[in-house]
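Colleague: Before we start, here is the structure in question, set down as structure tokens.
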Amino acid sequence: MDLEEVLDVSGEETVPSVLHAEPQSSQKLIDAVLDVEGMGYACISRDGTVRSKNARFVKLLSNGPEERSSRQDIYPEITQESGLTLKSITDRLEIRVENETLALNHDEFSAYIETAFQDAEIENSPQKYSLFAVTHYGAHNCLNLIVMDQDTILMTTRDVTDYKLYRRLFDTSMSIANAGFWSYDFASNRFTYSDSVLSRLTEVEVEKMSRLGLWAIIHPEDVPEVMNEWQRTYKSGGSFHFKYRVKLEKHGIRWQRSIGQIICAPNGKVVTATALVMDITQEVESQHRLMLEQESSKAKSEFLARMSHEIRTPLNAIIGMSDCLKNEDLSPDIRSVFEDIEDAAEGLHNLLSRTLDHAKIMSEKMQIILEDVDPRDMLQSCQRLWRPQIKAKGLTFKVVIDPDIPSTLRLDVFRIQQCVNNLLSNAVKFTSEGSISLIMKMVCVKGQDRLVIAVRDEGIGMTLEETKHIFEDFTQADVSISRQFGGTGLGMSITKQLSELM
């Protein structure tokens with residue numbers, strides 16, 4: 006059997022057959038093709054003598070990259086037709102069986118080659134064996150052995166250093182991202198997985214995955230849905246997106262997502278499927294917790310709304326009866342009692358109103374109703390409501406309205422007044438002397454006109470740390486504030502939520 010025939014049946018290292026050519030020109034053509042393909046070769050006798058080799062194989066045995074291109078006199082025997090032996094090769098290459106960490110010494114490699122000869126004699130056909138070699142300067146090479154006849158074996162090499170580097174970087178990236186990949190060859194019915202996928206499996210699971218693919222570990226309850234999506238994608242081609250659970254012996258039930266593509270030949274026949282697979286257990290669990298929290302928050306809000314509504318009915322009766330009795334001829338002491346009842350009932354009524362508004366917002370039942378209004382009239386209503394209370398505390402009340410504000414704007418008057426009243430309520434509560442200003446003006450923000458309504462007071466103020474919490478539900482700037490001034494801690498939260506809602 007000659008060199009051309011062996012290379013032709015070896016699969017990967019195929020070169021064109023050279024028919025009816027002179028042996029010397031045929032050998033030169035083969036050498037040229039192999040050099041273009043980045044392959045080196047050496048024909049080795051059964052006794053370990055190297056019969057022939059090409060320049061790329063010689064360069065492989067040098068001490069460093071610079072010697073591969075210029076200094077072949079470092080080992081003069083390897084540049085000669087005779088002198089290079091199997092011992093010389095094993096001295097300069099670390100030869101390993103794939104996935105093995107220990108290199109074969111000369112005796113072990115010789116025994117390996119002898120076994121290859123014996124297997125070829127038994128099979129009576131060319132046999133190929135794949136190994137792995139590392140040079141002294143760290144280059145990685147695929148090493149294939151092909152038995153040519155009873156006395157000759159062909160050794161071919163291909164540098165895969167860059168491939169190994171990129172593969173290592175890829176596997177590291179996949180590991181950091183808690184992801185990997187899988188592919189399926191429809192012709193050979195063969196699955197391929199990245200190391201980041203296989204590292205999480207037991208040997209039994211790996212064996213099952215090699216035969217059955219992902220179906221070996223997908224949760225039985227999720228198999229029908231994934232299978233339907235897979236069949237649909239197979240028929241139509243294109244991309245697919247699976248979200249499913251897997252049952253792993255070492256990690257229990259985990260959630261995964263596979264995003265991939267069906268690849269077809271020009272004639273439309275499906276060839277392969279390749280997918281990126283990601284562990285999304287943490288994402289799914291976070292979404293589940295968020296959903297439970299939202300449901301719990303909604304249930305609490307609905308409860309608050311029902312309780313506020315139920316309490317308001319008897320409260321209105323108390324306020325009504327108290328108001329009627331005030332018209333009777335009462336002594337000053339009794340009238341004072343009824344006034345205290347009215348104040349307490351009014352305070353409770355305000356508390357219920359705010360609680361009900363908060364519950365509506367949280368349950369997303371708050372509605373915004375827009376209408377064409379004069380913003381000046383809207384602000385004057387708030388001014389009339391609060392002027393008596395501000396005057397009673399001896400404070401100055403200033404109202405500043407920008408003359409450039411249009412006479413008509415589309416607003417929810419009730420909700421805006423609710424926000425302004427909350428701001429003025431705080432201003433009055435926390436200001437004992439000085440002034441309170443109510444301001445409305447037009448401001449251009451990023452090319453858009455905005456209506457800004459602000460309340461400024463000269464009250465007790467807040468620290469920078471306290472301002473971080475004033476918009477939280479049931480929260481006030483300081484614990485002592487509630488004891489000294491009262492309140493629910495909902496006013497600013499509702500104001501913020503209504504502003505965002507509008």
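Going letter by letter, the sequence shown gives residues 6 to 507 in the working numbering. Beta carbons are placed, not taken as given, at the ideal position from N, Cα and C, and that holds for glycine.
(1) Report yes or no: do three or more beta-carbon pairs, one from the stretch 432-446 and one from the stretch 386-404, lie closer than 8 Å?
(2) Sorted by chain position, which residues of the same chain lie with C-beta nearer than 6 Å to Leu384's C-beta, five sequence neighbours on each side aside?
(3) Kindly identify the DSSP beta-bridge partner or partners of Arg195.
(4) Please report the distance separating the alpha-carbon of Asn427 from that of Thr500.
(5) Which residue or residues does DSSP assign as beta-bridge partners of Glu376?
(6) Hey, would you say Ala350 sits closer than 8 Å to Ser327, going by beta carbons?
(7) Thr161 lies in the beta strand (DSSP E); which residues open and close that run?
(8) Please work out which residues of its chain come closer than 6 Å, Cβ to Cβ, to Val378, disregarding the five sequence neighbours upstream and downstream, and give them in chain order.
(9) Please name the residue or residues paired with Lys64 in a DSSP beta bridge.
(10) Pick from Thr238, Cys387, Cys48 and Asp124: whose alpha carbon is nearest that of Tyr269?
(11) So for Lys58, helix, strand or coil by DSSP?
(12) Over the uninterrupted beta strand (DSSP E) stretch that includes Gly243, give me the two end residues.
(13) Under a three-way DSSP split, which group does Ile410 fall into?
(14) Using beta-carbon positions only, say whether Phe186 and Ala280 come within less than 8 Å of one another.
(15) Count the other C-beta atoms from every protein chain shown that fall within 10 angstroms of the C-beta of Ser67, then say buried if there are 16 or more, exposed otherwise.
(16) Checking 8 Å against the spacing of the C-beta atoms, do Ile222 and Met214 come in under that value?
(17) In terms of residues, what are the limits of the alpha helix (DSSP H) holding Ser498?
(18) Which residues share a DSSP beta bridge with Trp260?
(19) May I ask you to list the residues that DSSP assigns as paired with Cys269?
(20) Count the other CB atoms, across all protein chains shown, that sit within 10 Å of the CB of Gly43; report buried if there are 16 or more and exposed otherwise.
(21) If contact is defined by three or more beta carbon pairs under 8 Å, each pair taking one atom from either stretch, is the stretch 198-209 in contact with the stretch 288-299?
Modeller: Working from what's here:
(1) yes
(2) Along the sequence shown, read from residue 1 onward, the residue named residue 384 stands at position 379. So the list reads Met445, once near-sequence residues are dropped.
(3) Here residue 195 refers to the residue found at position 190 of the sequence shown. Beta-bridge pairing links Arg195 to Asp190.
(4) Here residue 427 refers to the residue found at position 422 when the sequence shown is read from its first residue. Here residue 500 refers to the residue found at position 495 when the sequence shown is read from its first residue. The alpha-carbon atoms of Asn427 and Thr500 are separated by roughly 7 Å.
(5) The residue given as residue 376 occupies position 371 in the sequence shown. Leu416, per the DSSP bridge assignment.
(6) To locate residue 350, count along the sequence shown from 1; it is residue 345. To locate residue 327, count along the sequence shown from 1; it is residue 322. Yes, the Cβ-Cβ distance between Ala350 and Ser327 is below 8 Å.
(7) The residue you call residue 161 lines up with position 156 of the sequence shown. Where Thr161 is concerned, the enclosing beta strand (DSSP E) stretches over Thr157 to Asp164.
(8) Within the sequence shown, numbered from 1, the residue matching residue 378 stands at position 373. These residues qualify, in order along the chain: Leu416 and Val418.
(9) As a first step, residue 64 is located in the sequence shown; it is residue number 59 there, counting from the start. DSSP lists no partner for Lys64.
(10) As a working mapping, residue 269 is identified with position 264 in the sequence shown. Looking at the sequence itself, residue 269 is Cys, so the reference to Tyr does not match. That would be Thr238, whose Cα lies nearest to the Cα of Cys269.
(11) For this step, residue 58 is matched to residue 53 along the sequence shown. Note: Lys58 maps to strand in three-state DSSP.
(12) To locate residue 243, count along the sequence shown from 1; it is residue 238. Residues Gly243 to Leu253.
(13) Position 405 of the sequence shown, counted from the first residue, corresponds to residue 410. Ile410: coil per DSSP, three-state reduction.
(14) As a position in the sequence shown, residue 186 is number 181, starting the count at 1. As a position in the sequence shown, residue 280 is number 275, starting the count at 1. Against a cut-off of 8 Å, the Cβ pair of Ala280 and Phe186 comes out as a contact.
(15) Sequence index remark: in the sequence shown, residue 67 carries index 62 (1-based). It is buried - the Cβ of Ser67 has at least 16 other Cβ atoms within 10 Å.
(16) Position 217 of the sequence shown, counted from the start, is the residue given in the question as residue 222. Position 209 of the sequence shown, counted from the start, is the residue given in the question as residue 214. Against a cut-off of 8 Å, the Cβ pair of Met214 and Ile222 comes out as a contact.
(17) The residue labelled residue 498 in the question sits at position 493 within the sequence shown. Element bounds for Ser498: Gly496 to Leu506.
(18) The residue labelled residue 260 in the question sits at position 255 within the sequence shown. The partner list for Trp260 (beta bridge, DSSP) reads Arg250.
(19) The residue given as residue 269 occupies position 264 in the sequence shown. Val275.
(20) Position 38 of the sequence shown holds residue 43. That one is exposed.
(21) no
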